[in-house]
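Engineer: If you count the sequence shown from 1, position 97 lands on 99 in this note's numbering, and the numbers rise without skipping. One structure is given below, represented as C-alpha cells, and several questions about it will come after.
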Amino acid sequence: MRILIIEDDKSLAETLRFQLERSNFEADICCDGEEGLHFIEQQSHDLILLDRMLPVLDGISVLKITREKNISTPIIFVTALGALNDKITGLDCGADDYLVKPFDFEELLARIRCILRRPSKWEGSKPLALGDISYDIGQKKLFCGEYTCSLSAREGDLLEFFLRNPGQTIPRSSLLAKVWGPDAEVEDGNLDNYIYFLRRRLRSVQSAMQLKTVRGVGYQLEAPYV
3 MRILIIEDDK SLAETLRFQL ERSNFEADIC CDGEEGLHFI EQQSHDLILL DRMLPVLDGI
63 SVLKITREKN ISTPIIFVTA LGALNDKITG LDCGADDYLV KPFDFEELLA RIRCILRRPS
123 KWEGSKPLAL GDISYDIGQK KLFCGEYTCS LSAREGDLLE FFLRNPGQTI PRSSLLAKVW
183 GPDAEVEDGN LDNYIYFLRR RLRSVQSAMQ LKTVRGVGYQ LEAPYV
C-alpha cells in the first residue's frame, strides 16, 4: 500500500514516512498543498495523510478540489486544529477521518488499517465496462462477447485506469505514476511496450475499442461507434 503524506513540517513528515515504511507501507512526501494536489490527481496512492495548515494551498482547499474531481482516495486529516468546528468542517468537506496532533503513531496506524479494511470505491462485484469490452478486476480477465483473455498485473492496472476515465486523454506522466508509482525510475519505453501489449490483448478478443496515441500528451481509450 502506498501512502501520500502532505505535511509542511519536514521533520514530522520524515518521521511518519520512516514509521510507515517500518510498518510495511510505501510513503511519499509533499510539503505544500499545490504539490500535494498534483500528486493526488495522479491517483497513485491508496491513502492520503493531509495537514490543514499548508503553504500555497491549505488542506481544506486541497480536500475540496480533490472531491470535486471525483477522486475518492481515502484522506485522513492530521492537524493541530482540534476544535469541534474544525473536525466537523474537515469531515463535512469529505475527509474520511480526523486526527489531532500530537498523536500516538499506533493510533494513526489503527485508523489507517480501519480505513483500508473498508471496501474500496474502486472495487465492486460488477466488472468495469466500456464499449464492447468488460474487465473483471479480481480475476484480471478481459471480455468481449464470446472471447476472453487474462491480463498481467500491469496490463490490468493500465486498462483499469483507462476504464475509470472513459473518453479522457490520460497524460503519460499520470499513467506512469498510477501504474509504476510517482517516484519509480521508469523509462518511457516501458509504458509504450505495455500500451502495445494492451492493444494486442484488445485485438485478441476481437474488440473494436481503440487505444489511441495523442501525440505529445498521452493515450485515450475510446469506442469508435460511441
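Cβ atoms here follow ideal geometry from the backbone N, Cα and C, with glycine treated the same way.
Helix, strand or coil for Phe79, going by three-state DSSP, please let me know.
Structural biologist: Walking along the sequence shown from the start, residue 79 turns up at place 77. Annotated three-state conformation of Phe79 is strand, per DSSP.
Engineer: Quick check: the Cα distance between Gln208 and Asn26, rounded to an integer number of angstroms?
Structural biologist: Translated into positions along the sequence shown, residue 208 becomes position 206. Translated into positions along the sequence shown, residue 26 becomes position 24. Going from the Cα of Gln208 to the Cα of Asn26 covers about 41 Å.
Engineer: Leaving out five residues before and five after Leu39 in sequence, what residues of the same chain have Cβ atoms less than 8 Å from its Cβ?
Structural biologist: For the purposes of this step, residue 39 is taken as residue 37 along the sequence shown, with counting starting at 1. Closer than 8 Å at Cβ, skipping near neighbours: Leu59, Val64, Ile67, Thr68.
Engineer: Leaving out the 5 sequence neighbours to the left and right, which residues in its chain are closer than 6 Å to Ala6 when beta-carbon positions are compared?
Structural biologist: In the sequence shown, the residue the question calls residue 6 occupies position 4. First, the residue type needs correcting, since residue 6 is Leu and not Ala in the sequence shown. These residues qualify, in order along the chain: Asp30, Phe41, His47, Ile50.
Engineer: Assuming Ile8 is part of the beta strand (DSSP E), what are its boundary residues?
Structural biologist: Reading the sequence shown from its first residue, position 6 is the one you call residue 8. Here the beta strand (DSSP E) through Ile8 covers 4-8.
Engineer: State the Cα-Cα distance for the pair Gly96 and Asp88, rounded to the nearest angstrom.
Structural biologist: In the sequence shown, counting from the first residue as 1, residue 96 sits at position 94. In the sequence shown, counting from the first residue as 1, residue 88 sits at position 86. In a straight line, the C-alpha of Gly96 is about 13 Å away from that of Asp88.
Engineer: Output the boundary residues of the alpha helix (DSSP H) element that contains Ser63.
Structural biologist: For the purposes of this step, residue 63 is identified with residue 61 of the sequence shown, where counting begins at 1. Where Ser63 is concerned, the enclosing alpha helix (DSSP H) stretches over 61-70.
Engineer: How is the alpha helix (DSSP H) around Glu23 delimited, first residue to last?
Structural biologist: As a working mapping, residue 23 is identified with position 21 in the sequence shown. Run containing Glu23: 12-24, per the alpha helix (DSSP H) assignment.
Engineer: Can you tell me whether DSSP reads Ala29 as helix, strand or coil?
Structural biologist: Sequence index remark: in the sequence shown, residue 29 carries index 27 (1-based). It is a strand residue.
Engineer: Using C-beta distances below 6 Å, list every residue in its chain close to Trp124, excluding the 5 sequence neighbours before and after it, in chain order.
Structural biologist: On the sequence shown, residue 124 is found 122 positions in, with the first residue counted as 1. Any answer about Trp124 is weak, because its pLDDT of 47 lies below 50 and its placement is not dependable; what the coordinates show is given next. For Trp124, where only same-chain residues beyond five positions count, there are no Cβ hits under 6 Å.
Engineer: Within the continuous beta strand (DSSP E) that includes Cys151, where are the two ends?
Structural biologist: Against the sequence shown, residue 151 aligns to sequence position 149. Per DSSP, Cys151 belongs to the beta strand (DSSP E) from 149-152.
Engineer: Could you give the distance in angstroms between the alpha-carbon of Phe218 and the alpha-carbon of Ser176?
Structural biologist: The residue you call residue 218 lines up with position 216 of the sequence shown. The residue you call residue 176 lines up with position 174 of the sequence shown. Residue 218 is actually Gly in this sequence, not Phe. If I take the Cα positions, the gap works out to 13 Å.
Engineer: For Glu224, write down the residues that DSSP places opposite it in a beta bridge.
Structural biologist: Here residue 224 is taken as the residue at index 222 of the sequence shown, counted from 1. DSSP output for Glu224 lists Gln212 as bridge partner(s).
Engineer: With Ser136 and Phe145 assumed to form a contact (beta carbons below 8 Å), what rounded beta-carbon distance in angstroms separates them?
Structural biologist: Here residue 136 refers to the residue found at position 134 when the sequence shown is read from its first residue. Here residue 145 refers to the residue found at position 143 when the sequence shown is read from its first residue. That pair is a contact at about 5 Å.
Engineer: Does Gly1 pass the burial test, meaning 16 or more other C-beta atoms within 10 Å, or should it be called exposed?
Structural biologist: A question about residue 1 goes unanswered here, because the residues of the chain that appear run from 3 up to 228.
Engineer: Determine the direct distance from the alpha carbon of Ala179 to that of Val80, and round the result to whole angstroms.
Structural biologist: Taking the first residue of the sequence shown as position 1, residue 80 is located at position 78. Taking the first residue of the sequence shown as position 1, residue 179 is located at position 177. Going from the Cα of Val80 to the Cα of Ala179 covers about 24 Å.
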